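Asks: Using the working numbering, read the sequence shown as starting at 37 and increasing by one per residue. All C-beta atoms, glycine included, are put in the ideal place defined by N, C-alpha and C. The structure presented is a predicted model; accordingly, all values stated were derived computationally and were not measured. The structure under discussion is supplied below as structure tokens; questions concerning it will follow.
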Amino acid sequence: MGFTSPEDGGHALDLSAGAARGLPVFGVALRYPAGHVVPRHEHPYGHLIYADRGLLRVEAESGQWLVPPTAAVWLRSGVPHQLTAPVALQAHGLFVREDVCARLPAADCVVHVSGLVRELIMALARADNKANNKAASSRRMRLLGALLIDELRAPPVLPLHLPWPRSGADSQVRHVCQALLDNPGDAATAAEWAGRLAMGGKTFHRRFLQSTGMTFGKWRQQLRLMSSLTLLMQGIPITQVALASGYDSHSAYTTAFSKQFGQPPSAFAANT
């Protein structure tokens, strides 16, 4: 969240007000239209990114995340990242002072957003940093920030992370990953991908595992399930979502989705 939406000029965020007050946690709330991309940028703060409606894609060297309204992405300070809004949404970004980050996860991850955490995020992101009574406002923000940090300590990590080959890693594997990201329903097998890249099947599997930390089959399934969240939130019928995501049937997709996310796709769609 380093830039405003195009409707507001698309300029770089000015975080000086929050930083000048020495607040441990402060934030912003921004609306992004469907398809909007926030260019790669970084912050000298820990960064919690949350969308209260819609679905936000966060990309960093450590991976990619698709974030529904029940989760938020936590990024360590100084991590370059890019945001994509597949659907129109309102994003809330909180910035955590580096000395406070030691109390939060040491790795970039997705965390669960409970009802209380959601309200804390929204209150902190929408706080008026230019309020007349700055002393009272700062005290309130410090209390809200302290409670949020306490709630986020040792949070459960959610299965919304997609490992991505780092820059400089195997370029052929990066090509495969990008092609599948662009078309999650691509039915090409590992053997077919190996043939396209003029390498043996065992070599392809070994290089894919080395580059992503996951087998080709597991990685592709995770990609398909994560990508399908966008379609579900757009109200597309589950059978169509299943086919578009590379599954042969409604039941096969539902089984895989339930195993990954702990609920069937119909329940996810009803709650977003």
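Measure the CB-CB distance between Leu196 and Ile157 and report whether it falls below 8 Å.
Replies: Their beta carbons are not under 8 Å apart, which means Leu196 does not touch Ile157 by this criterion.
Asks: Rounded to whole angstroms, what is the Cα-Cα separation between Gly71 and Asp186?
Replies: Roughly 34 Å separates the two Cα atoms.
Asks: Going by C-alpha to C-alpha distance, which of Pro60, Glu134, Ala65 and Leu59 sits closest to Gly38?
Replies: Nearest of Pro60, Glu134, Ala65 and Leu59 to Gly38, Cα basis: Ala65.
Asks: Please report the straight-line C-alpha distance between Thr314 and Ala278, rounded to a whole angstrom.
Replies: Nothing can be reported for residue 314, as the shown portion of the chain is limited to 37 through 308.
Asks: Skipping 5 residues on each side, what residues in its chain have a beta carbon closer than 6 Å to that of Ala208?
Replies: One point to set straight first is that residue 208 is Gln, not Ala, in the sequence displayed. If we look at Gln208 and ignore the five residues flanking it on each side, its Cβ neighbours are Leu233.
Asks: Report yes if the C-beta distance between Gly282 and Pro220 is below 8 Å; otherwise report no.
Replies: Yes, these two residues count as a Cβ contact at 8 Å.
Asks: With DSSP as the reference, identify every bridge partner of Phe39, one or two as the case may be.
Replies: DSSP, once it has assigned bridges, lists Ala48 as partnering Phe39.
Asks: Could you name each continuous beta strand (DSSP E) segment of 3 residues or more that falls completely within the segment 82-167, going from the start of the chain to the end?
Replies: The segment 82-167 contains these whole beta strand (DSSP E) runs: 82-89, 92-96, 99-103, 107-111, 117-121, 125-132 and 145-148.
Asks: When you compare each of Thr251, Leu268, Pro69 and Val61 to Leu84 by their alpha carbons, which one comes out closest?
Replies: If we check each option's Cα against that of Leu84, Val61 comes out closest.
Asks: Please state the DSSP three-state secondary structure of Gly63.
Replies: Note: Gly63 maps to strand in three-state DSSP.
Asks: Rounded to whole angstroms, how far is the Cβ of Leu125 from the Cβ of Pro104, which I believe are closer than 8 Å?
Replies: Contact flag wrong, Cβ pair sits at about 10 Å.
Asks: Rounded to the nearest angstrom, what separates Gly99 and Val123 at their Cα positions?
Replies: So the alpha carbons of these two residues sit roughly 21 Å apart.
Asks: Can you say whether Gly82 is buried or exposed, counting buried as having 16 or more other CB atoms within 10 angstroms of its CB?
Replies: When all chains shown are included, Gly82 counts as buried.
Asks: Following the continuous beta strand (DSSP E) through His79, name the residue where it begins and the one where it ends.
Replies: Element bounds for His79: n/a, residue is neither H nor E.
Asks: DSSP three-state label for Tyr283, please.
Replies: In the structure shown, Tyr283 sits in coil (DSSP, three-state: anything other than H, G, I, E or B).
Asks: What residue from Tyr68, Val147 and Phe252 has the CA that sits closest to Trp101's CA?
Replies: When each option's Cα is compared against that of Trp101, the closest is Val147.
Asks: With DSSP run on the structure shown, which of helix, strand or coil describes Leu196?
Replies: Here Leu196 sits in coil by DSSP.
Asks: Pull up the distance between the alpha-carbon of Phe297 and that of Leu59, whole angstroms please.
Replies: Their Cα atoms are separated by approximately 35 Å.
Asks: Once you ignore the five residues that flank Trp255 on each side, which residues in its own chain have a CB closer than 6 Å to its CB?
Replies: Here the set comprises Thr248.
Asks: Starting from the Cα of Ala163, find the closest Cα among Ala280, Ala53, Pro42 and Ile274 and give me that residue.
Replies: Closest by alpha carbon: Ala53.
Asks: Starting from Arg202, trace the alpha helix (DSSP H) in both directions and tell me its first and last residue.
Replies: No alpha helix (DSSP H) contains Arg202, which DSSP labels as neither H nor E.
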